[in-house]
Every structure is written in structure tokens, then in C-alpha cells.
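My numbering numbers the first residue of the sequence shown as 8 and each following residue consecutively. Glycine included, C-beta positions come from ideal geometry on N, C-alpha and C. Just so we're clear, the structure is a prediction, and the values are computed from it rather than from any experiment. Have a look at the structure below before the remarks.
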Amino acid sequence: MSESITDQLFAALNIVVLELIEDGSFKVIGQIPDWLSQFEPDIASKRDGLTLEKFHFIANFLIDAENYWNSSEPEPLISGIWIETDVSGNEYQFEATAISLRDRKILLIELLKSAYQDKQLIVQKGRENRLIYERLVKEIQKKEILLHCIVHDLGGQISAVATSLELLSSENLTPLARKFLEIGKSQAMQQGMLIREILNAFSSDIESIETFIFDPNLAPDLAIAVQQILDGFRPSFAISNINLSLGSNIDSLEESKVVGEKLHLDRVLFNLVENAFRHSPPQTTVTLDVSDEGEFLLLTVEDEGTGVSPDIANKLFEKFVQGKGKTGRAGLGLYFCRITVESWGGTIGYTLRESGGSRFWVRLRKAV
8 MSESITDQLF
18 AALNIVVLEL
28 IEDGSFKVIG
38 QIPDWLSQFE
48 PDIASKRDGL
58 TLEKFHFIAN
68 FLIDAENYWN
78 SSEPEPLISG
88 IWIETDVSGN
98 EYQFEATAIS
108 LRDRKILLIE
118 LLKSAYQDKQ
128 LIVQKGRENR
138 LIYERLVKEI
148 QKKEILLHCI
158 VHDLGGQISA
168 VATSLELLSS
178 ENLTPLARKF
188 LEIGKSQAMQ
198 QGMLIREILN
208 AFSSDIESIE
218 TFIFDPNLAP
228 DLAIAVQQIL
238 DGFRPSFAIS
248 NINLSLGSNI
258 DSLEESKVVG
268 EKLHLDRVLF
278 NLVENAFRHS
288 PPQTTVTLDV
298 SDEGEFLLLT
308 VEDEGTGVSP
318 DIANKLFEKF
328 VQGKGKTGRA
338 GLGLYFCRIT
348 VESWGGTIGY
358 TLRESGGSRF
368 WVRLRKAV
């Protein structure tokens with residue numbers, strides 16, 4: 008490309024090319040863009056000795072540019088956008104770039120026009136998105152606080168109902184009335200459990216994750232916890248004609264203590280086994296096992312049910328996610344499992360078994 012075409016190209020792009028000369032002034036290289044005459048009326052006859060005093064911002068930028076020219080920095084130095092006003096009061100947006108070319112100190116000044124507007128739109132859009140995000144966070148916080156308050160109020164009312172029903176049970180009731188009373192007590196208990204589950208899930212977000220401090224002396228034994236939860240569920244599984252078995256890997260463990268906390272580990276196991284129980288048809292098997300993975304222990308809970316629907320598989324461990332047709336549940340059990348396990352530095356997940364059914368797994372770090 009010839010120099011004349013290059014000169015025309017810079018002028019067409021509203022860029023003036025200047026070179027710093029020995030006396031500290033600048034000379035124009037190439038063609039002069041039309042806008043420069045608004046600030047330097049004599050520019051057509053005076054291409055050398057420009058002081059750029061009409062560009063007030065440039066004086067500050069030239070201090071940094073001089074340091075840049077005297078250094079060996081390979082990347083150009085960019086001023087950022089500034090605004091100048093001409094003699095007629097019109098505003099112009101500029102951006103300057105300092106470059107070193109073969110020991111020549113080059114300064115480019117660009118009139119931005121549409122480029123400035125595009126950048127302003129990007130900045131404005133970023134600010135709008137930030138405000139939307141902040142409003143969204145505040146709304147989420149308001150709703151969670153509201154839900155927490157509602158749950159607390161419901162808990163108090165359910166407790167009063169349960170107490171009243173318990174007092175009624177000591178009265179002289181007919182067999183039919185006592186039957187209805189037992190139904191009411193059962194439903195009140197289930198509602199109380201549901202409320203506690205919601206409270207536990209929301210409070211765990213703030214408390215359990217932030218306050219967990221591992222004490223090696225209190226490390227829970229995963230193998231023992233699995234055996235205890237298995238023994239506790241055997242009657243329920245037997246009544247529903249579902250087999251509950253223990254895998255073979257757990258017997259070969261040399262060390263089964265993990266990083267965690269006993270009470271919450273029991274709740275994680277309870278949620279996983281209870282989840283498998285609800286989704287297992289009669290004449291099927293649910294299997295619990297623990298295997299050694301070096302620094303970790305892997306807990307698995309496998310069932311032979313229908314598996315998880317693909318539309319919720321990727322969000323199983325989020326709040327209020329539950330399968331279709333599963334009424335009476337808050338969709339918080341697996342969410343509690345995730346935030347609890349992750350607070351211990353572990354991981355939890357789900358896979359679909361090749362032979363059918365679900366496989367939930369929890370990987371916990373050994374305590375030793």
C-alpha cells in the first residue's frame with residue numbers, strides 16, 4: 008500500500024498522525040483530517056510546531072506518553088476517551104494512542120463519532136444489567152426471608168394443633184372418633200416434618216456451611232452410619248416388599264471415618280435411602296455400599312425404580328425440585344444433601360443405572 012493511500016486511509020478514519028520532534032512540539036505526518044481545523048485553524052499552512060495546547064486533556068496524557076516512549080514497552084499506550092469543545096461550542100470525543108516506531112515517537116489522535124456512541128451503549132447496558140442483577144438479588148432475599156417467617160408461623164400453629172390432638176387422645180372417644188384422631192395426629196406430624204425440612208434447608212445455606220469446623224476426634228464412621236440407617240429402614244422396606252441390602256465393598260474397608268458431622272451425615276443417609284424407598288416398586292432391591300477411593304470413600308445408594316426424569320436430572324440438587332406426581336414433599340431433601348456434603352469438601356451426584364433405576368453417590372474425604 009502506497010504512503011498516499013495510507014495517508015488518505017488515516018484521514019478517512021478521522022485519525023491524525025503526529026510525530027514528536029526535538030523541540031517538544033509535533034508535526035503532522037500524512038493527510039490532515041477535516042476536524043483538526045476546528046481546533047488548529049492554521050493547520051493547513053503550519054504542519055510543524057504544533058503544541059496541541061487546544062487539547063487540554065493531552066497535556067496530562069503526554070506525561071505518560073513520554074515515559075512510554077522512553078521505555079521499551081511493546082504495546083501501545085492508550086489514553087482513554089475524553090471530550091473537547093471547539094470554538095463554536097461543539098463537543099467532540101477523542102482517544103489518543105502513543106506508539107514507538109523505529110525510535111520515532113508517534114501520537115495518534117482519533118475522533119470517535121459512532122465508536123464513542125457504541126462504547127457508551129455498552130457501558131450503559133452494563134450499568135443497566137448491574138442494576139437488574141442487584142434488584143433480583145434483593146427480591147430473592149426478600150422472598151427467602153418471607154418464606155422463613157411464614158414457615159416459623161406455620162410451625163407454631165402445627166405444634167399447637169398436634170398438642171391439642173394429643174390432649175384429645177386421653178378423652179373417652181368412640182372407636183370411629185379415635186380413628187379420625189389418629190389420622191389427624193399423623194397428618195400433623197407429617198406437616199411438622201415438612202416444615203422442619205424447609206427450615207433446615209434454608210438455615211443450612213447460612214449456618215451449616217459457614218460454621219462447620221472439622222474435629223478429627225468427632226469424625227463420623229461412614230460404615231457404622233450406613234449399617235445403622237439400614238437397620239432402621241428394614242421394617243418399612245419389609246412391609247412394602249422391597250429388598251434392602253448391603254454391598255460387598257463395605258466389608259473390605261480398613262478405615263471408614265470421614266470428614267463430616269455425625270448428625271448431618273445421618274440425615275444425608277436418611278434422605279438418600281428414603282428417596283430410594285419412595286421410588287422403588289415392590290419386588291425390587293435397594294443397595295447401599297461404601298468403597299475405598301484412596302483419599303476418599305464413595306457411598307452409593309442404588310435402586311431399581313424408573314430412574315429420574317431427564318427434564319430434572321440436571322437440577323436434582325436444587326431447591327424445590329421434585330419428580331412429577333410426587334406430592335407431599337418439598338423437594339428439599341437432595342438440596343440439603345448437596346449443601347451439607349459440599350460444606351465438608353465432598354461431592355454428590357446422580358447417574359442412571361444401565362440396568363434401570365437410579366444411582367446416587369457421595370464422595371467424602373477420609374478423616375485420616
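**Asked** How would you call Leu371, buried or exposed, if buried means at least 16 neighbouring beta carbons within 10 angstroms?
**Response** buried
**Request:** Could you tell me which residues DSSP pairs with Gly340 in its beta bridges?
**Result:** None, per the DSSP bridge assignment.
**Message:** With H, G and I counted as helix, E and B as strand and the rest as coil, what does DSSP make of Lys333?
**Reply:** With a pLDDT of 48 at Lys333, under the threshold of 50, the predicted position of this residue should be treated as unreliable, though the coordinate-derived value follows. Residue state, collapsed to three classes: coil.
**Request:** Please classify Gln100: does DSSP put it in a helix, a strand, or coil?
**Result:** strand
**Prompt:** Taking just the CA atoms, how far does Ile22 sit from Lys118?
**Reply:** Residue identity check: residue 118 is Leu in the sequence provided, not Lys. Whole-angstrom Cα-Cα distance: 6 angstroms.
**Message:** When you compare the CB positions of Leu306 and Leu295, do they come within less than 9 angstroms of one another, or not?
**Reply:** yes
**Item:** Whole-angstrom C-beta distance between Thr291 and Ile249, which should lie under 8 angstroms
**Value:** 6 angstroms
**Request:** State the DSSP-derived secondary structure class of Lys192, mapped to helix, strand or coil.
**Result:** helix
**Asked** Which class does Val3 belong to by DSSP, given the choice of helix, strand or coil?
**Response** Residue 3 is absent from the model: the chain starts at 8 and stops at 375.
**Asked** Okay, do the stretch 262 to 278 and the stretch 223 to 231 touch, 3+ Cβ pairs below 8 angstroms being the bar?
**Response** yes
**Request:** Could you spell out where the beta strand (DSSP E) holding Phe367 opens and where it closes?
**Result:** Ser365 to Arg372
**Request:** Count the other C-beta atoms from every protein chain shown that fall within 10 angstroms of the C-beta of Gly56, then say buried if there are 16 or more, exposed otherwise.
**Result:** exposed
**Item:** Limits of the unbroken beta strand (DSSP E) element including Trp42
**Value:** Element bounds for Trp42: n/a, residue is neither H nor E.
**Message:** So the candidates are Thr181, Asp238 and Gly199; which of them puts its Cα closest to the Cα of Thr170?
**Reply:** Gly199
**Message:** At 4 residues or longer, what runs of the alpha helix (DSSP H) sit wholly inside the stretch 52 to 114?
**Reply:** 65 to 76
**Item:** Given 8 angstroms, three or more beta-carbon pairs between the stretch 272 to 288 and the stretch 350 to 368
**Value:** yes
**Item:** Status (buried if at least 16 other CB within 10 Å, exposed otherwise) for Tyr140
**Value:** exposed
**DSSP beta-bridge partners of Glu261** = None, per the DSSP bridge assignment.
**Request:** Name the two residues that bound the continuous beta strand (DSSP E) containing Leu237.
**Result:** Per DSSP, Leu237 belongs to no beta strand (DSSP E); it is in the alpha helix (DSSP H), Leu229 to Ile246.
**Request:** Please go through the same chain and pick out, in chain order, the residues whose beta-carbon is closer than 8 angstroms to the beta-carbon of Ser166, but skip the five residues on each side of it.
**Result:** Gly199
**Item:** Meets three-Cβ-pair contact criterion under 8 angstroms: the stretch 98 to 108 and the stretch 70 to 78
**Value:** yes
**Request:** Starting from Ile319, trace the alpha helix (DSSP H) both ways and give me its first and last residue.
**Result:** Pro317 to Ala320
**Item:** Spatial neighbours of Glu302 in its chain, beta-carbon cut-off 7 angstroms, leaving aside the 5 residues before and after
**Value:** Arg372 and Lys373
**CB-CB length for Leu25 against Ile36, believed under 8 angstroms** = 7 angstroms
**Item:** Whole-angstrom distance between Arg142 and Glu98, CA atom to CA atom
**Value:** 35 angstroms
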